[in-house]
Amino acid sequence: MPITFCRSLPFAALALAAATVPGYALEVTRSADIAAPPAKVWQTIGEFCGIGDWHPAIEKCALSDKDGMKVRTLSLKGGGTIKEEQVSRDDKVMSYTYTILESPLPVSDYKSTLSVAPAGSGSKVTWTGTFNAKGAPDTVATDAVQGIYDSGLKALGDKAK
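In mature numbering (1 follows the signal peptide of the UniProt record, and there is no 0), the protein residues as written are -25 to -1, 1 to 136.
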């Protein structure tokens, strides 16, 4: 067997494996600069159910526990609920990651991270999500997530003033 063929075999196997692993089709990242120290911003958004205090689409947030994981049930203004599970949290780096368990949103396999970092004399809040569209075109799913992130970050910025 020629040496070049043997060397290319691992790369071909890696490419084939990558093609068979289900991936996320879509990703949305939104950021906002907040004129408040990171610790203060994290105090506002860091509690998993704290989103009920700052996101304008949330009527209320109820926290529960499922197999040792925090689960929040968000009651939306105008009706509907979203159930989300916190899958990781790091208070030192001011970040948490969650998944959607149940939702009327046109997404599936949704995983998101909300984080706070120092930026100049204030903070930068970054909200990133990966997901697949469900029952709607990719643009509709992406627009829905962008709208959630944008309205939440705007409200957070207004609250910090």
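Just so you know, even glycine gets a beta-carbon here, dropped at the ideal spot from N, CA and C.
Identity of the residues DSSP links to Pro93 by a beta bridge: For the purposes of this step, residue 93 is taken as the residue at position 118 of the sequence shown. Pro93 is bridged to Ser98.
Neighbourhood of Ala94 by C-beta, 7 Å cutoff - its chain only, sequence neighbours within 5 removed
On the sequence shown, position 119 is the one that residue 94 refers to. Excluding sequence neighbours, Ala94 sits near Asp8.
Could you tell me the alpha carbon to alpha carbon distance between Asp66 and Met44, rounded to whole angstroms? To locate residue 66, count along the sequence shown from 1; it is residue 91. To locate residue 44, count along the sequence shown from 1; it is residue 69. Straight-line spacing of the CA atoms in Asp66 and Met44 works out to 16 Å.
Q) First and last residue of the alpha helix (DSSP H) that includes Leu131? A) Counting from 1 along the sequence shown, the entry for residue 131 is found at position 156. Judged by DSSP secondary structure, Leu131 falls within the alpha helix (DSSP H) whose first and last residues are 113 to 135.
Ala(-1) (DSSP reduced to helix, strand or coil): Here residue -1 refers to the residue found at position 25 when the sequence shown is read from its first residue. Residue state for Ala(-1) is assigned as coil, using DSSP reduced to three classes.
### Query
What did DSSP end up calling Val68 once you bin it into helix, strand or coil?
Within the sequence shown, numbered from 1, the residue matching residue 68 stands at position 93. DSSP places Val68 in coil when its eight states are reduced to three.
field: Same chain only: Cβ atoms within 6 Å of Pro86, ignoring 5 sequence neighbours per side
entry: For the purposes of this step, residue 86 is identified with residue 111 of the sequence shown, where counting begins at 1. Position check: residue 86 holds Lys in this sequence, whereas Pro was assumed. Non-local beta-carbon contacts of Lys86 in its own chain, meaning distances under 6 Å to residues more than five positions away in sequence, involve Thr74, Thr105 in chain order.
Task: Segment contact, 8 Å Cβ cut-off, at least three pairs: the region 22 to 36 with the region 112 to 126 - done: Between the region 22 to 36 and the region 112 to 126 there are three or more inter-stretch CB-CB distances shorter than 8 Å, so the stretches are counted as touching.
Exercise. State buried or exposed for Ala37, treating a residue as buried only when at least 16 other CB atoms are found within 10 Å of its CB.
Key: Here residue 37 refers to the residue found at position 62 when the sequence shown is read from its first residue. Burial is judged here by how many other beta carbons sit within 10 angstroms of a residue's own beta carbon; Ala37 has fewer than 16 and is exposed.
Exercise for the section: Just tell me which of Val68, Asp133, Ile26 has its CA closest to the CA of Lys58. Expected result: Here the question's residue 58 lines up with position 83 in the sequence shown. Cα-wise, what sits closest to Lys58 is Ile26.
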